[in-house]
Amino acid sequence: MTQGSNDLFTPRGNLSREKLLAYAEGRLDPATAHEVELHLEADPLLQDALEGLLQPGAIDGLGALHAHAPARIGNSWIPWSIMAGAVAVVAGTIGFQLGQESPEPERSEQQQVERQAEPDQGPAEVTAAIRSTEITDAVELPESLLIGHASTERHSLANAELGTSNASGPADRTTIEPLEPITTPTPATTGSVDRSVESRHKPSLQLVYLHDLKLLHPKEMYGRSPGIEQLASGVDARYTNATEQQAARQQERRVAYLTFMDEALDKFVHNDHKGCLEELRFLLTQYPEDVNALFYAGLCSYNLGLSERAEVFLDRAAHHRFQVFDEEAEWYHALAMERSGKKELAVSEFVRIAASKSFYAARAQGRVR
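Be aware that the sequence shown starts at 4, since it is given in this note's numbering, and climbs by one per residue.
Structural data, given as structure tokens:
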């Protein structure tokens, strides 16, 4: 047993480095371990040294440190205080390196969705500025000022062109994995190009009507109907908590595109613009170039008094590579600018629409008289 000492800092005498390492590694018998513990109780510096040795990777790192250890002084190693500090530094360095190399923790589903909507995500920036709280706090316009609902509008089934398809019955609920959008459609036109009806190239595109409202068939955009990931930002009223809701959704993680849009547009036709916009905002986080979502999100934003948001959505729809909503989106975009107080820009847009002989030419002419 180690004899006592008159040294104030080591009242029980010196503890060998080997014993402390063996104690840290759990290699001592009970009697010897108890002896080490008595040393630890009496020596705060030993406690610091042991704490350093117990750090992840410290003992392995100490092996490398030993190769560069200074010469012995008599029969003792460097003071335990220096050893403790060195061990702590080595352990800290190893811990930092492990932290740098470790993979990023898996994000929750909601965090992933929010991250997708950040402004630096390219096309997704169109939805980055609009949050659920903004939709919830929006004040809807009076019914007489709402847009997009009349059967006289360009996107209504009543004005459907011959040769377009009309969905009948409930939308297909088949779960389909999403695909990347096709990258070879007709390029979008720009504001500097003559956008009259005669000059526009109108490719033959398959349309579908849900609730008598026009949609570009998802097969045109994605090759086939994609699935929409079910990642609600809150707890559905049918469930008491998020855990119950999550458990109920384990069996079906995706909903077919047309089913999703059918439910969203059902909210639109019943003047639930907040509910519809929330659905479309969510869809755009997964498919930021979806022309259907852009257009109807613009209408919802306008009806909720979010005129500047409406401008962004509708401008994207009007200049989209799929020229499906270009006429109506241009018209509504001009209305949104007018409501936002951009009178001169709105008038300029009305003048251009009036001269274009498009579906809304007569209405635009009435705005500039």
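Glycine included, each C-beta is placed from N, C-alpha and C at the ideal position.
Range of the contiguous beta strand (DSSP E) that encloses residue i
i, result
"residue 257", "257-259"
Check whether residue i and residue j have beta carbons under 8 Å apart
i, j, result
"residue 294", "residue 219", "yes"
"residue 23", "residue 52", "yes"
"residue 319", "residue 133", "no"
"residue 339", "residue 317", "yes"
"residue 308", "residue 143", "yes"
"residue 304", "residue 343", "no"
"residue 223", "residue 325", "yes"
"residue 330", "residue 351", "no"
"residue 300", "residue 280", "yes"
"residue 302", "residue 151", "yes"
"residue 57", "residue 27", "yes"
"residue 42", "residue 18", "yes"
"residue 357", "residue 364", "yes"
"residue 221", "residue 260", "yes"
"residue 212", "residue 161", "no"
"residue 141", "residue 277", "yes"
"residue 210", "residue 306", "no"
Reduced DSSP secondary structure (H/G/I, E/B, other) of residue i
i, result
"residue 364", "helix"
"residue 48", "helix"
"residue 153", "coil"
"residue 197", "Confidence at residue 197 is low in this model, with a pLDDT of 43, below 50, so the placement of that residue is unreliable and no value is reported for it."
"residue 329", "helix"
"residue 32", "coil"
"residue 141", "coil"
"residue 284", "helix"
"residue 125", "Low per-residue confidence applies at residue 125: pLDDT is 43, beneath 50, and the placement is therefore not dependable, though the value from the model is reported in the following sentence. In this structure, residue 125 counts as helix in the three-state DSSP scheme."
"residue 57", "coil"
"residue 263", "helix"
"residue 336", "helix"
"residue 307", "coil"
"residue 319", "helix"
"residue 180", "Per-residue confidence for residue 180 stands at a pLDDT of 36, beneath the threshold of 50, marking its modelled position as unreliable; the derived number appears in the next sentence. Reduced to three states, the DSSP call for residue 180 is coil."
"residue 355", "helix"
"residue 16", "coil"
"residue 301", "helix"
"residue 62", "helix"
"residue 134", "coil"
"residue 369", "helix"
"residue 312", "helix"
"residue 253", "With a pLDDT of 48 at residue 253, under the threshold of 50, the predicted position of this residue should be treated as unreliable, and no value is reported."
Residues that DSSP places opposite residue i in a beta bridge
i, result
"residue 159", "216"
"residue 210", "219"
Opening and closing residue of the alpha helix (DSSP H) in which residue i lies
i, result
"residue 290", "Looking at the DSSP string, residue 290 is not in any alpha helix (DSSP H), and its letter there is neither H nor E."
"residue 275", "Taken as a continuous stretch (DSSP letters only), residue 275 belongs to no alpha helix (DSSP H), as it is neither H nor E."
"residue 345", "That residue, residue 345, is in no alpha helix (DSSP H); it is neither H nor E in DSSP."
"residue 21", "20-27"
**OP:** May I ask you to verify whether the stretch 156-164 touches the stretch 322-336, counting CB pairs closer than 8 Å and requiring at least 3?
**Re:** yes
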